[in-house]
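One structure is given here, and the rest of the page talks about it.
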Amino acid sequence: MSRIELLSRDSTQGSARQLLEQIHAAFGATPNMFRAVANSPAALQSMWAAFGALGGGTLGAKLGEQIAVAVADINDCDYCLAAHTALGRKAGASAAEMSAAQAGESADPKTAAALAFATKVVRQRAKVDAADVAALRSAGFDDGAVMEIMAHVALNLFTNYVNVAFAIPVDFPQVKLRAK
Numbered sequence: 429m430s431r432i433e434l435l436s437r438d439s440t441q442g443s444a445r446q447l448l449e450q451i452h453a454a455f456g457a458t459p460n461m462f463r464a465v466a467n468s469p470a471a472l473q474s475m476w477a478a479f480g481a482l483g484g485g486t487l488g489a490k491l492g493e494q495i496a497v498a499v500a501d502i503n504d505c506d507y508c509l510a511a512h513t514a515l516g517r518k519a520g521a522s523a524a525e526m527s528a529a530q531a532g533e534s535a536d537p538k539t540a541a542a543l544a545f546a547t548k549v550v551r552q553r554a555k556v557d558a559a560d561v562a563a564l565r566s567a568g569f570d571d572g573a574v575m576e577i578m579a580h581v582a583l584n585l586f587t588n589y590v591n592v593a594f595a596i597p598v599d600f601p602q603v604k605l606r607a608k
């Protein structure tokens, strides 16, 4: 049971209602996470805008979803793991690629570098060094892409924290967290 009210489009007004309508149109349903965040129209607007901006970024949807599942697994976020696994599959990732990403791994060297960086940022609370950034550059990421990886990490930390702190019920096909 959620620790915060899950609002519906019918129970909201103004900008929150408009945003929930956009979200419903994008997903064909209104995921519980967005219904929870709708308690603050400002937080919902910020989160939805960040998803939109990063969705149009240079990393591509598949890598964004791979970063999301790696971060979700570290943070024990069942909700985000389930949601981003489904979205990653929709973005063209295989089940094996999403499972590997959940562990912070990839057979593709460029993706592996991005996941190694993202997981290090989360585990070490952003205390990375010049060699970590240099490894991303060596893998083919420019400074814009490096910043975009960081933005994906930050957005996913926010959504992980929302879902874990407020016990948001998972409304995507369940995915098992890795044993730690």
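Counting in the working numbering, the sequence shown runs from 429 upward without gaps.
Think of the CB as a built atom: it goes at the ideal place given N, C-alpha and C, for glycine as much as any other residue.
Every value quoted in this text rests on a predicted model; they were computed, and no experiment measured them.
Leu472 and Ala444 closer than 8 Å at C-beta:
For the purposes of this step, residue 472 is taken as the residue at position 44 of the sequence shown. For the purposes of this step, residue 444 is taken as the residue at position 16 of the sequence shown. Yes. Within cutoff.
Three-state class that DSSP yields for Gly442 in the structure shown
Here residue 442 refers to the residue found at position 14 when the sequence shown is read from its first residue. Gly442: helix per DSSP, three-state reduction.
Using beta-carbon positions only, say whether Ala519 and Lys490 come within less than 8 Å of one another.
One-based indexing of the sequence shown puts residue 519 at position 91. One-based indexing of the sequence shown puts residue 490 at position 62. Taking 8 Å as the Cβ cut-off, Ala519 and Lys490 qualify as a contacting pair.
CB Ala542 to CB Val581, shorter than 8 Å?
As a position in the sequence shown, residue 542 is number 114, starting the count at 1. As a position in the sequence shown, residue 581 is number 153, starting the count at 1. Result no, Cβ atoms of Ala542 and Val581 do not sit closer than 8 Å.
On a Cα-Cα basis, can you pick out the residue from Ser436, Asp557, Phe594, Cys508 that is closest to Val603?
Residue numbering aside, residue 603 sits at position 175 when the sequence shown is read from its first letter. Ranking the options by Cα distance to Val603, first place goes to Cys508.
Tell me the DSSP secondary structure of Asn467 in three-state form.
Along the sequence shown, read from residue 1 onward, the residue named residue 467 stands at position 39. Here Asn467 sits in coil by DSSP.
Spatially closest choice to Ala464 from Ala524, Pro601, Lys608, Ala595, by CA coordinates:
Numbered from its first residue, the sequence shown carries residue 464 at position 36. Of the listed residues, the one whose Cα sits closest to Ala464 is Ala595.
From Val499 to Gln530, what does the alpha carbon distance come to, in whole angstroms?
The count along the sequence shown starts at 1 and reaches residue 499 at position 71. The count along the sequence shown starts at 1 and reaches residue 530 at position 102. So the two alpha carbons sit approximately 8 Å from each other.
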